[in-house]
Amino acid sequence: QSYGLVGVVRLQLPGKLPLLDPKPTNAHPDLRLKTSFAALDAMADSIDLASLESHQHGHVPFPIILLKALQEWKSNHDGKSPASFVEKQEFQTFVKSK
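Just so we're aligned: 35 in the working numbering is position 32 of the sequence shown, and the numbers increase by one with no gaps anywhere.
See below:
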């Protein structure tokens, strides 16, 4: 007959434990298009979407298409990005129409 379980667990750890820093000091770069970096702007400016054929247009990265649509949006709206919910929906339909 058995009335329970008896056991011993022994845990051995190295002298110094490697701990993860919960708040890292080096922040990740901001990759949102609202604050795009110079290399991305230069790449977007080097591509003319109107002169591309369908096959070539299919190989353009989507962030470039979004950035060019945002630049066109800003030129039509006094240099402002879409801020309100309604403007963001209008921007979505604007991008889909391109």
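The C-beta atom is built at its ideal place from N, Cα and C for all residues, glycine as well.
Which listed residue (the options) has its alpha carbon closest to that of residue i
i	options	result
glutamate 75	Asp48, Ser87, Leu55	Asp48
alanine 41	Leu70, Phe88, Val63	Leu70
proline 64	Gly7, Ile50, Leu16, His80	Ile50
proline 66	His80, Glu56, Asn79, Asp44	Asp44
Nearest-angstrom Cα separation, counted from residue j out to residue i
i	j	result
threonine 38	isoleucine 68	16 Å
lysine 83	lysine 77	5 Å
proline 17	proline 25	21 Å
Residue i, DSSP secondary structure in three states
i	result
lysine 19	coil
proline 25	coil
isoleucine 68	helix
alanine 30	coil
Neighbourhood of residue i by C-beta, 8 Å cutoff - its chain only, sequence neighbours within 5 removed
i	result
valine 98	Ile68, Leu69, Ala72
Residues near residue i in its chain [Cβ-Cβ closer than 7 Å; skip 5 each side]
i	result
threonine 96	none
Legend entry - Contiguous beta strand (DSSP E) assignments of at least 3 residues, all confined to the segment 52 to 98: Taken in chain order, the segment 52 to 98 contains no complete beta strand (DSSP E) segment of 3 residues or longer.
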